[in-house]
Structures are given as C-alpha cells and as structure tokens.
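Residue numbers (the numbering used here): 701 to 1098.
Virtual Cβ for every residue (Gly too), placed ideally from N, Cα, C.
In what follows, a structure is listed as structure tokens, so that the remarks can point back to it.
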Ligand code: HEC
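Rendered as structure tokens:
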C-alpha cells in the first residue's frame, strides 16, 4: 500500500517538475532570445532615459515593445518589479524530491551497480549527493578564480571538468544513475547560479538604484556570466532527464563517451541558435560550424551505439519455453502484474513478462534492454552471460 502512495506522489512530483521546468527554461530561452535581438533605440527620448536596446514583437493578438536599460540601469525602479526565480527554485526542489523518491529510495534498482565503484545502500546515495554539492563548489570556485578573467579559458576548464565528472559518474554508478546524476549536477549548478549569484546581485543593483546611487556594474557582469553558462547547460540537462527511457545510451560500456558526445551536441546546437539570434549583425548570415559540430556529435553517438549484428545464426533457436524460464528466473520478480520486488507498486513502465503472450509482445523492448546490459538493474537477479545471450537470441528472432 505504501508503495502505491509513494508511486502516486512521485507522479505528482514529476508532473510539477516538468511544468515548472518548462516555465523556467521557457523564460530563460525567451530572455536569451530577447537580449540577442535588441536594437539600439531610434527614439532620442529613450536614449536619454538610458535605454540601450529595444525590440518590437507581436504575440497573442497584441504588440509588445520591451526595452533594456544600459549597464547603469534605469534612474528609478517602480514599486512593481517582476522577478524570475521561483521557476528555477521549484524545478530544483521538485527534481530533488523525485531524486529521493525514484533513485535514493531504492538505490539498488536505479542508482547502483555492483560492478561499479559506489558502495551499496546509503553509502552510494551519499556519493551521489557528494557529486551534486561538490560539482557546484568546484564550478563556483573556478568562476571566482583568476581563470575567469578569460571567458574562453573558464569555459574550456568547465567543459574539461564536466567531461571528467561524466567519466567518473559512469565508473561510480549504474549507467542510468550516472546519467541522471550528471544532469542533476548541472541542474544544481544552474539553480545555484540563480540563488547565490544572479538574484543577490540583482537585489544589490535594485537597492543601489532605490538609494539614488549608480549600481555597481560588476553584479551585472557576474550575473551575465552565470546566465551564459546556464544557457549552454540547458540542452545537456534536458537530454539527461529523458535519457532513462533510452537504455541504449546509458547501458553500454562506453556510456560515458555517449554522455559527453550528446552533451557537446546539445551545447553546440544551443550555441548555433544563440549565434542565429544575432545574425542581423552579420547581414543575416550565421556560420554553420557550431551546428555541424553539434550534429556530428549526435551522428557519431548514433554510429557508436549501433548494436553489433544479431546473434550467430549457427546457434540453435531458443524455444518460447526456455525464454519463459529465463524470464521467470531473472525478470518477473519485477515485471509481473503483481511484482514481488519490495517497493514496486506495479510492473515498471507497464512491462510485464509473466505470461508467454505478454513476453512475446515486448520482445523488441526486451532485446534493447538485454543488449545494453541495462536490465536486470545492477544485475540484481544474477543473470548469467549465457542466459542473456539465449534470451537475446529469442527476443531478436523475427
Ligand atoms: C529489480 C527489478 C527489475 C528486474 C529484476 C528487471 N527489471 Fe526491467 N525494469 C525495472 C525498472 C525499475 C524499469 C523502469 C526503468 C525506467 O524508469 O525507465 C524497468 C524497465 C524495463 C523495460 C521497459 C523499458 C521501456 O522502455 O519501457 C524492459 C523491456 C525491461 N525492464 C526488461 C527487463 C528484463 C528482460 C529483465 C530480466 C532480464 C528485467 N527487466 C529485470 C526493474 C527491473
């Protein structure tokens, strides 16, 4: 019964997480777009007010004319000033809740793999939390180090460290747990950027203006730096958040390369969009290099992950009875109408193999999970390599 309520609660958490995540990333995409499309104001009155850029847009049957003030900010701010931070905070809070409900509640199923380095049980959970906190502390220290004088040097160091983290996570956790923690670590950095840097800086700017002083432009500069990083983290985070549906990406032995390549792909494609926003500065032309790099990274991942050709034809076909026996021994503790595995309220993803008909219907899904090694999770049911090969042959027979 408890498992049922936790399952339902996790549905509500996930639903909310997606909704507030859309609100956050949607606003973030919009403001990046806005910032990059601003034109110098033509109206002298606007210039005199300190407006540095404006644009015109039509949406939902109305005309909009947003204006952005220069680094010195406006001379006064009205009482009603809209802030954007609850979208970010609530995305992190609901995400962390989900992390606890899905990954930390039963770490053996989703997070750990006995062939990887993380200790079992709560020790493994502590290592996971260590990556989230440690990732932010190291990233934050880098941004405040002398390295940050060059945006390029800082960007390359962050990329290098993230690559290292991707590799380390994949050595530490199951593929699924590693990918999710990589995304959670990036997401934590993004939200911490908002909480510890961007919003406090903005508060100081507003306070200065309200006190009739000029705001210190350093706050704007720091905020902008973090918000640029957040822009490039967005697509990689979104990939990792959906990656748990794609065992082929996280399941194999070179999963860390796939993780790095797909994140490079996402960041490069995001960069191409940012460049495109400013195309009018280059007579409407945007270099395709970033897009080509992004697509090449994705194509390279697809080629790398492609399953090797099916099992040898010389091997004898596997009967349905034999396949059912293996499924019963290694899979149906979880994949049955009434799972016996502690903490499971229903068959995971509705995948049930407790009758030959049900198993038959799911053969292609079973093949993908066996091929990548993602199932059984952490090989909890001690499936042997021979059984895997046999079941795979049965599942891949047309
Ligand atoms: C300890 C419980 C457990 C065992 C044992 C187990 N699985 Fe799973 N399986 C899961 C969980 C949890 C998920 C859902 C993962 C997710 O959230 O995407 C899953 C998902 C699946 C899916 C659905 C994938 C999809 O895209 O919908 C398939 C297919 C699958 N497992 C096959 C197997 C096979 C084959 C075995 C036996 C060799 C097996 N599983 C053993 C827990 C288990």
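Excluding five sequence neighbours on each side, which residues of the same chain lie with their C-beta closer than 7 Å to the C-beta of residue i?
i: residue 1088; result: 1070
i: residue 721; result: 791
i: residue 869; result: 831, 878, 881, 882
i: residue 1068; result: 947, 948
i: residue 1041; result: 1033, 1034
i: residue 885; result: 831, 832, 835, 865
Please tell me whether, using a cut-off of 7 Å, the distance from the CB of residue i to the nearest non-hydrogen atom of ligand 1 is below it.
i: residue 942; result: no
i: residue 1085; result: no
i: residue 706; result: no
i: residue 1071; result: no
i: residue 812; result: no
i: residue 924; result: no
i: residue 800; result: no
i: residue 890; result: no
i: residue 1055; result: no
i: residue 955; result: no
i: residue 1031; result: yes
i: residue 1076; result: yes
i: residue 1007; result: no
i: residue 1034; result: yes
i: residue 1018; result: no
Under 6 Å Cβ to Cβ from residue i, same chain only, skipping five residues before and after it: list those, please.
i: residue 986; result: 975, 976, 979
i: residue 804; result: 825
i: residue 950; result: 875, 876, 879, 943
Distance check for residue j and residue i, CA to CA, integer angstroms please.
i: residue 727; j: residue 712; result: 23 Å
i: residue 725; j: residue 1034; result: 35 Å
i: residue 864; j: residue 959; result: 11 Å
i: residue 825; j: residue 916; result: 42 Å
i: residue 1083; j: residue 813; result: 13 Å
i: residue 991; j: residue 981; result: 19 Å
i: residue 905; j: residue 758; result: 30 Å
i: residue 708; j: residue 1079; result: 27 Å
i: residue 964; j: residue 994; result: 7 Å
Between residue i and residue j, is the Cβ-Cβ spacing less than 8 Å?
i: residue 872; j: residue 832; result: no
i: residue 777; j: residue 767; result: no
i: residue 848; j: residue 854; result: yes
i: residue 929; j: residue 901; result: no
i: residue 737; j: residue 794; result: no
i: residue 952; j: residue 1072; result: yes
i: residue 1045; j: residue 704; result: yes
i: residue 988; j: residue 810; result: no
Please list, in chain order, all residues of the same chain as residue i whose beta carbon is under 8 Å from its beta carbon, the five residues on each side excluded.
i: residue 1004; result: 954, 957, 958, 961
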